[in-house]
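Trainee: Going by the working numbering, the sequence shown opens with residue 147, and the numbers climb by one from there.
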Amino acid sequence: GRVEMKMSASTNNVACVDTGRLAGVVSQIVRNDGDHATAIPGLSLHRRNAVTVPLHCIYGLGIGLTLQGSKQVMVGDDVLTYSPGQSMVTSVDLPVVSNVIKASVAQPFLGMMLTFDGTVVMQVAERLRLSQRMKDNGFRPITVQSLDAKVLDALERLGG
Numbered sequence: 147g148r149v150e151m152k153m154s155a156s157t158n159n160v161a162c163v164d165t166g167r168l169a170g171v172v173s174q175i176v177r178n179d180g181d182h183a184t185a186i187p188g189l190s191l192h193r194r195n196a197v198t199v200p201l202h203c204i205y206g207l208g209i210g211l212t213l214q215g216s217k218q219v220m221v222g223d224d225v226l227t228y229s230p231g232q233s234m235v236t237s238v239d240l241p242v243v244s245n246v247i248k249a250s251v252a253q254p255f256l257g258m259m260l261t262f263d264g265t266v267v268m269q270v271a272e273r274l275r276l277s278q279r280m281k282d283n284g285f286r287p288i289t290v291q292s293l294d295a296k297v298l299d300a301l302e303r304l305g306g
C-alpha cells in the first residue's frame, strides 16, 4: 500500500501565509486550463478547472507553489499532498505521478513553478561550503514545506 509522507514539524499545521493576492493575479493572467510559460525564464503558471486523473511526468529541480486548490504527488509508494501556502521542492529531476485533487470552475487549482538552473544551484552550494555533517543529513529528493513569507513576497513580485 501507499505510505503518506510525513511533513516537517513546520508543516503539520495550516500554512501561515496568505496566497490569496497572488492567486488573484495568476487567475487574471491564466484564464484557461493548462500550463502557461511566462516571459520570466523558468517560471510557469498552472490552472485546472477540475480535478485531474493521475499522470506520469518528470518534476525538475525547482519549487512549486499551490495558490488555490490541492495537488497530490506520488513518488513510488510515498504520497505528498500540498495545498495553498505550501511549496513542493524538488532537488533532482524526478519521475512522479501527479494529479489535482481539489479544483472547480468557481475555485480552480492555481499554481506556480519556478525551475532552477542546476549549474547555478551547484555554484551556490559550493560557495556555501556545507559541512559534511549537513551533506549527510539524508535529504529527500522531494519535500513539501510551509511557504516562508519572504519567499511568497519574492514570488508575488515575480508574478505581478
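Backbone N, C-alpha and C fix where the C-beta goes; we use that ideal spot for every residue, glycine too.
What you are looking at is a predicted structure, and each value in this text was computed from that prediction instead of being measured.
Do you know how far the Cα of residue 262 is from the Cα of residue 270?
Mentor: Their backbone Cα atoms lie some 12 angstroms apart in a straight line.
Trainee: Below 8 angstroms between beta carbons: does that hold for residue 207 and residue 258?
Mentor: no
Trainee: How should residue 296 be labelled, buried or exposed, when 16 other C-beta atoms within 10 angstroms of its C-beta is the threshold for buried?
Mentor: Exposed, because fewer than 16 other Cβ atoms sit within 10 Å of the Cβ of residue 296.
Trainee: For residue 148, is the classification buried or exposed, using 16 other Cβ atoms within 10 angstroms of its Cβ as the cut-off for buried?
Mentor: Note that residue 148 scores 44 on pLDDT, short of 50, meaning its location in the model is unreliable; the coordinates nonetheless yield the value given after this. By the 10 Å Cβ count, residue 148 comes out exposed.
Trainee: Ends of the alpha helix (DSSP H) at residue 169?
Mentor: 166-175
Trainee: Determine whether the beta carbon atoms of residue 227 and residue 218 lie at a separation below 8 angstroms.
Mentor: Against a cut-off of 8 angstroms, the Cβ pair of residue 218 and residue 227 comes out as a contact.
Trainee: Could you check if residue 214 is buried or exposed, using at least 16 other CB atoms within 10 Å of its CB as the buried criterion?
Mentor: buried
Trainee: State the DSSP-derived secondary structure class of residue 252, mapped to helix, strand or coil.
Mentor: The answer is coil: DSSP assigns residue 252 none of H, G, I, E or B.
Trainee: Is the beta carbon of residue 197 less than 8 angstroms from the beta carbon of residue 248?
Mentor: yes
Trainee: Around the Cβ of residue 300, are there at least 16 other Cβ atoms within 10 angstroms (buried) or fewer (exposed)?
Mentor: exposed
Trainee: Skipping 5 residues on each side, what residues in its chain have a beta carbon closer than 7 angstroms to that of residue 260?
Mentor: These residues qualify, in order along the chain: 188, 189, 208 and 209.
Trainee: Looking only at C-alpha atoms, which of 201, 272 and 250 sits nearest to residue 103?
Mentor: Shown here, the chain extends from 147 to 306; a query on residue 103 therefore has no answer.
Trainee: So within the region 176-250, which uninterrupted beta strand (DSSP E) runs reach at least 3 residues, ignoring any that extend past its ends?
Mentor: Within the region 176-250, the complete beta strand (DSSP E) runs of at least 3 residues fall at 180-183, 189-194, 201-205, 208-214, 216-221, 224-228, 232-236 and 240-248.
Trainee: Please classify residue 104: does DSSP put it in a helix, a strand, or coil?
Mentor: Missing from the structure shown is residue 104; the chain here goes from 147 to 306 and no further.
Trainee: Quick check on this structure: which residue in 174, 191, 175 and 255 has the alpha carbon closest to the alpha carbon of residue 105?
Mentor: The chain is shown from 147 up to 306; residue 105 falls before or after that span and cannot be answered.
Trainee: Since residue 289 and residue 221 should fall inside the 8 angstroms C-beta cutoff, what is the C-beta to C-beta distance between them, to a whole number of angstroms?
Mentor: The Cβ separation is near 11 angstroms, so there is no contact.
Trainee: Report yes or no: is there a C-beta of chain D within less than 8 angstroms of the C-beta of residue 287?
Mentor: Although the question refers to chain D, the structure presented lacks it and comprises just one protein chain.
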